[in-house]
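Asks: Pasting in a structure now, in structure tokens, and then I'll have a few things to ask.
Take a look at the structure:
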């Protein structure tokens, strides 16, 4: 059930990004993940299909704190100058975003939710999501309460799967895009 909900959430995020997002000109800007993103060919790709593109793992240097309509502070970082996040990637491909935390080799696919604090009566969660727009990738942490300190040393990587790339990476079974290791293997991505 959890995998189904995560898959549906990823589908909605991808659809939202593909249906046309407008840039927030008041949003803070930041640096480049990797202007010369890597390319790889997935097994089963033809000479006419585009290569899968992936960025280097890039550490988020500073989070910008903003206040949402409920009065809670949320945090974002915008990677600018992402020339590989173009109209074709937004309109026809899939953009996957992964995060790993300092001191850990575990990788999480965005969007995701994790507990960061507890009160005597409940857990308090942080929600991680992203928004890709032309040339930019915005990563957001939206905690459910104030008093949150964003993690230092969080690293982000994006993977762009062009629209003409076989969704299964040329294999018979579908890929679980929440499983970073499966995505790496299917599309020959190097850490």
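Residue numbers (the numbering used here): 25 to 215.
For glycine and all other residues, C-beta sits at the position ideal for the given N, C-alpha and C.
#1: So residue 81 and residue 155 are in contact, right, with Cβ under 8 Å, and what is the actual spacing, rounded?
#2: In its own chain, which residues sit with a C-beta less than 8 Å from the C-beta of residue 206, not counting the 5 before and 5 after it?
#3: Give me the residue from 112, 215 and 106 with the minimum Cα distance to residue 159.
#4: Let me check understanding here. Comparing Cα to Cα, which of 162, 184, 149 and 95 lies closest to residue 88?
#5: Would you list the residues sitting across from residue 182 in a DSSP beta bridge?
#6: Is it the case that the stretch 142-155 contacts the stretch 168-182, given that we only count it when at least three CB pairs across the two stretches are under 8 Å?
#7: Spatial neighbours of residue 137 within its chain, please: C-beta separation below 6 Å, excluding the five flanking residues on both sides.
#8: In the DSSP output, what is residue 89 paired with across the bridge?
#9: Thinking C-alpha only, which one of 211, 210, 209 and 202 is nearest residue 123?
#10: Taking residue 115 as part of the alpha helix (DSSP H), name the residues at either end of that continuous run.
#11: Reducing DSSP to helix, strand and coil, say where residue 150 ends up.
#12: With distances taken Cα to Cα, identify the nearest neighbour of residue 142 among 101, 131, 167 and 186.
#13: To which residues of the same chain is residue 121 closer than 6 Å at the C-beta, ignoring the five residues directly before and after it?
#14: If you count every other CB in all the chains shown that lies within 10 Å of the CB of residue 127, and 16 or more means buried, which is it?
#15: Check whether the Cβ atoms of residue 76 and residue 184 sit closer than 8 Å, and answer yes or no.
#16: To the nearest angstrom, how far is the alpha carbon of residue 111 from that of residue 144?
Replies: Reading it off the structure:
#1: In the chain shown, residue 81 corresponds to position 57, counting from 1. In the chain shown, residue 155 corresponds to position 131, counting from 1. The pair is not a contact, with the Cβ atoms about 20 Å apart (cut-off 8 Å).
#2: By 1-based counting over the chain shown, the position of residue 206 is 182. 199 and 200, listed in sequence order.
#3: Within the chain shown, numbered from 1, the residue matching residue 159 stands at position 135. Ranking the options by Cα distance to residue 159, first place goes to 106.
#4: As a working note, residue 88 is residue 64 in the chain shown. Ranking 162, 184, 149 and 95 by Cα distance to residue 88 puts 162 first.
#5: For the purposes of this step, residue 182 is taken as the residue at position 158 of the chain shown. The partner list for residue 182 (beta bridge, DSSP) reads 121.
#6: yes
#7: The count along the chain shown starts at 1 and reaches residue 137 at position 113. Excluding sequence neighbours, residue 137 sits near 149 and 151.
#8: Along the chain shown, one-based indexing puts residue 89 at 65. For residue 89, which the question treats as bridged, DSSP gives the partners 99.
#9: Looking up residue 123 in the chain shown gives position 99. Cα-wise, what sits closest to residue 123 is 202.
#10: Counting from 1 along the chain shown, the entry for residue 115 is found at position 91. That run of the alpha helix (DSSP H) goes 111-116.
#11: Working through the chain shown from its first residue, we reach residue 150 at position 126. In the structure shown, residue 150 sits in a strand (DSSP, three-state: E or B).
#12: Position 118 of the chain shown, counted from the start, is the residue given in the question as residue 142. Checking every option, the nearest Cα to that of residue 142 belongs to 167.
#13: The sequence position of residue 121 within the chain shown is 97, counting from 1. If we look at residue 121 and ignore the five residues flanking it on each side, its Cβ neighbours are 134, 154 and 182.
#14: Taking the chain shown and counting its residues from 1, one reaches residue 127 at position 103. Exposed: under 16 other Cβ atoms inside 10 Å.
#15: Against the chain shown, residue 76 aligns to sequence position 52. Against the chain shown, residue 184 aligns to sequence position 160. In this structure, residue 184 lies closer than 8 Å to residue 76 by Cβ.
#16: Locating residue 111 in the chain shown gives position 87, counting from the first residue. Locating residue 144 in the chain shown gives position 120, counting from the first residue. Distance between the alpha carbons of residue 111 and residue 144 is about 48 Å.
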